[in-house]
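Contents: one structure, followed by commentary.
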Amino acid sequence: MYRFFLLYSDYRKLIYYLKGCQGLINKGSSPFTSIVSAAKVCAAANESPSVKSLHLLVADQDFSFKAGQWVDFFIPGVSVVGGFSICSSPRLLEQERMIELAVKYANHPPALWIHNKCTLDSEVAVRVGGEFFFDPQSADPSRNLVLIAGGVGINPLLSILRHSADLHRQWANKGSGYKIGTIKLFYSAKNTSELLFKKNILDLVNEFPEKIACSLHVTKQTTPISAELKPYITEGRITEKEIRDHISKETLFYICGPPPMTDFFSKQLENSRVPKEHICFEKWW
């Protein structure tokens with residue numbers, strides 16, 4: 001997912017400048033953390049015909065993020081800074097010092113570099129940003145989640161889904177931490193080959209059937225749908241009624257996808273009198 005890009009003439013000067021400003025950044029009012037960390041590509045895979053995923057080993061031990069946030073992605077020799085959502089859980093970083101990104105092919109220079117030039121052990125730098133996240137604390141009231149994703153908008157919502165599963169495992173195993181409610185994922189793509197991370201999603205549904213459910217939508221399917229996927233697939237767009245059926249005072253809504261999609265569902269939820277503070281959305285373009 002692409003957030004925005006900035007032009008800088010010198011990558012190294014940028015890193016030194018940002019590190020030098022760490023003490024001046026007001027963490028309470030800025031969507032950015034103060035840490036720019038070196039990172040190394042340790043794994044890569046094709047998630048779909050148009051999307052490539054990367055696992056990055058992050059060097060700085062103080063680097064952290066909240067489920068749903070993104071990173072500025074600095075590439076030596078590339079003057080454009082990318083912005084890509086993190087799709088892994090914060091626990092993967094805590095345990096293995098890794099984050100996962102999934103990047104769609106585009107003419108955007110950082111995306112081109114990832115698809116055409118990036119190799120194992122390629123060195124980059126990353127900085128966390130964004131105010132779209134799910135980070136409940138142990139004493140917070142239990143909430144249900146409805147996650148609404150379109151295309152590569154699944155990335156931050158997958159991070160939230162994985163984080164929610166980690167929270168539930170901790171509660172189930174130790175009886176401590178945050179008690180998550182139910183989670184329903186609505187995810188739309190052109191066809192089943194463009195439904196990213198579908199195995200990971202269905203694994204979580206099968207692991208926690210009492211907690212996690214999903215409805216996968218395809219809008220331009222031209223080939224037969226596999227027997228494994230068919231129970232979860234609806235041909236056609238996500239509808240207003242499907243979302244409305246999940247409205248309650250205990251439910252938070254997270255929406256990420258093309259701007260017309262996020263605009264539509266956020267407006268429909270507001271019209272259904274869902275409090276604005278219970279509707280979180282982020283647009284990609």
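For the sequence shown, UniProt numbering assigns the number 1 to the initial residue and increments by one for each residue that follows.
Each residue gets a CB set at the ideal place from its N, CA and C atoms; glycine is no exception.
Between the alpha carbons of Lys241 and Ser53, how many angstroms are there, rounded?
Spanning the two alpha carbons is a distance of roughly 33 Å.
Could you check which residue in Asn191, Arg244, Val51 and Pro260 has the C-alpha nearest to that of Leu229?
When only C-alpha atoms are compared, the closest one is Asn191.
Quick check on the burial criterion: 16 or more other C-beta atoms within 10 angstroms. Buried or exposed for Leu120?
Exposed.
Rounded to a whole number of angstroms, what is the C-alpha to C-alpha distance between Phe65 and Pro90?
About 6 Å.
For my contact list, Gly257 and Gly151 are in at a C-beta cut-off of 8 Å; report their separation, rounded to the angstrom.
Confirmed, Cβ separation roughly 6 Å.
Just list the alpha helix (DSSP H) runs in the segment 184-216, keeping only unbroken ones of 4 residues or longer that don't cross its boundaries, in chain order.
Here the runs fully enclosed are 198-207.
For Leu204, tell me which candidate among Leu167, Ser138, Pro224 and Gln268 has the shortest Cα-Cα distance.
Considering only alpha carbons, the answer is Leu167.
Does DSSP put Phe264 in a helix, in a strand, or in coil?
It is helical.
Using only the alpha-carbon positions, how far apart do His115 and Glu123 sit?
One C-alpha to the other measures close to 15 Å.
Looking at Val146: is its Cβ nearer than 8 Å to the Cβ of His217?
No, the pair does not count as a contact, with Cβ atoms beyond the cut-off.
Confirm the yes/no value for this check: CB of Thr119, any heavy atom of the ligand HEM, distance under 7 Å.
For the structure depicted, the ligand HEM is absent and the ligand set is empty, with no information on it obtainable.
Val71 to Ala102, Cα distance in whole Å?
Going from the Cα of Val71 to the Cα of Ala102 covers about 12 Å.
What do you reckon, are the CB atoms on Thr219 and Ser266 nearer than 8 Å?
Taking 8 Å as the Cβ cut-off, Thr219 and Ser266 do not qualify as a contacting pair.
Is it the case that the Cβ atoms of Arg143 and Leu252 are separated by a distance below 8 Å?
Contact: yes.
Distance check for Gly77 and residue 317, CA to CA, integer angstroms please.
Past the edges of the chain, shown from 1 to 285, lies residue 317, and the structure says nothing about it.
By the DSSP assignment, the alpha helix (DSSP H) with Arg244 in it spans what residues?
Per DSSP, Arg244 belongs to the alpha helix (DSSP H) from Glu240 to Arg244.
Quick check on the burial criterion: 16 or more other C-beta atoms within 10 angstroms. Buried or exposed for Ser37?
It counts as buried.
Look up Tyr254 in the DSSP assignment and give the residues it is bridged to.
In DSSP, Tyr254 forms a bridge with Leu147 and Cys280.
Can you tell me whether Glu270 is helix, strand or coil according to DSSP?
Helix.
Where does Pro224 land, buried or exposed, given buried means 16+ other C-beta within 10 angstroms?
Label assigned to Pro224: exposed.
Is the Cβ-Cβ distance between Ala67 and Asp135 less than 8 Å?
Result yes, Cβ atoms of Ala67 and Asp135 sit closer than 8 Å.
For Ser85, name the three-state secondary structure that DSSP assigns.
Looking at Ser85 - three-state DSSP - the assignment turns out to be strand.
Got a sec? Which residues, its chain only, sit under 6 Å from Ala111 by beta carbon, not counting five neighbours each side?
Val103.
Distance check for Gln137 and Ala165, CA to CA, integer angstroms please.
Spanning the two alpha carbons is a distance of roughly 15 Å.
Using only CA atoms, which one of Cys214, Ala106, Thr239 and Asn155 lies nearest to Pro231?
The option with the nearest alpha carbon to Pro231 is Cys214.
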